[in-house]
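Read through the structure below, which is laid out as structure tokens, and then see the notes.
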Amino acid sequence: MPTTDPVQLAKDAAESLRAFNHRTFPGGDRPGLASAPEAYRVLGALTALAERLPQALDQIDYALKAHHRLGHITADHGTAAEHTATAGTALLDAENHACALRAALNRAWSATNPLGHTGPIPNDESE
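Each residue of the sequence shown is one higher than the one before, starting from 1 at the first, in our numbering.
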């Protein structure tokens, strides 16, 4: 049964991206992706991933603020309010960067839309 644990879900997403990076690592005459159309499909998936990041970051911010408001947060140093506010500011900054990332990925995705492939496509999954 798939997990519903938020921490594990985020870890699984990070692990999927790590596996993608390892699978597509280029070298020599090996471009890492089988074709330009494959790059287009990957860019579409990464655009969707980036599009979902701002909501995830906003929900983390909301959770921190709610736990703080309910008195459920302590701090090892400084105040819980100070750390919660700093995290909120950083999360908003990350949301803005995620929006810019999504826009840039979307431009790359659109630019690769008309590209085709004329070379061989490897059959070996290990390449």
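Ideal Cβ positions, reconstructed from N, Cα and C, are used throughout, including at glycine.
It should be emphasised that the depicted structure is a prediction, and the values quoted were computed from it without experimental measurement.
- Item | C-beta neighbour in chain B for Thr-74, strict 8 Å | Of the chains in the structure shown, none is chain B; there is only one protein chain.
- Query: What number of angstroms, rounded off, separates the C-alpha of Glu-95 from the C-alpha of Ala-104?
  - Reply: Near 14 Å, if we compare the C-alpha coordinates of Ala-104 and Glu-95.
- Which of helix, strand or coil DSSP assigns to Gly-44: Helix at Gly-44.
- From Ala-50 to His-72, what distance separates their C-alpha atoms? Cα-Cα distance, rounded: 31 Å.
- Message: Can you give me the C-alpha to C-alpha distance between Ala-80 and Thr-74, rounded to a whole angstrom?
- Response: Approximately 5 Å, taken between the alpha carbons.
- Task: With DSSP as the reference, label Gly-32 as helix, strand or coil.
- Result: Coil.
- In the DSSP assignment, what residue or residues form a beta bridge with Gly-78? Paired residues: none, contrary to the question.
- Task: For Arg-102, I'd like the list of residues in its chain whose CB is within less than 7 Å of its CB, leaving aside the five on either flank, ordered along the chain.
- Result: Here Arg-102 has Thr-47, Ala-50 and Glu-51 as same chain residues with Cβ atoms under 7 Å from its own Cβ, once five neighbours each way along the sequence are excluded.
- Task: Give the straight-line distance between the Cα atoms of Asp-58 and Val-7, rounded to the nearest whole angstrom.
- Result: Cα to Cα, Asp-58 sits roughly 15 Å from Val-7.
- Please report how far the alpha carbon of Glu-15 lies from the alpha carbon of Ala-87, in whole angstroms. Per the coordinates, the alpha-carbon of Glu-15 lies some 24 Å from the alpha-carbon of Ala-87.
- Label Leu-43 either buried or exposed according to how many other C-beta atoms from any shown protein chain fall within 10 Å of its C-beta, with 16 as the threshold for buried. By the 10 Å Cβ count, Leu-43 comes out buried.
- Mapping DSSP to helix, strand and coil, what is Gly-88? It is helical.
- Task: Buried or exposed for Pro-54, please, with buried defined as at least 16 other CB atoms from any protein chain shown within 10 angstroms of its CB.
- Result: Pro-54 should be labelled buried.
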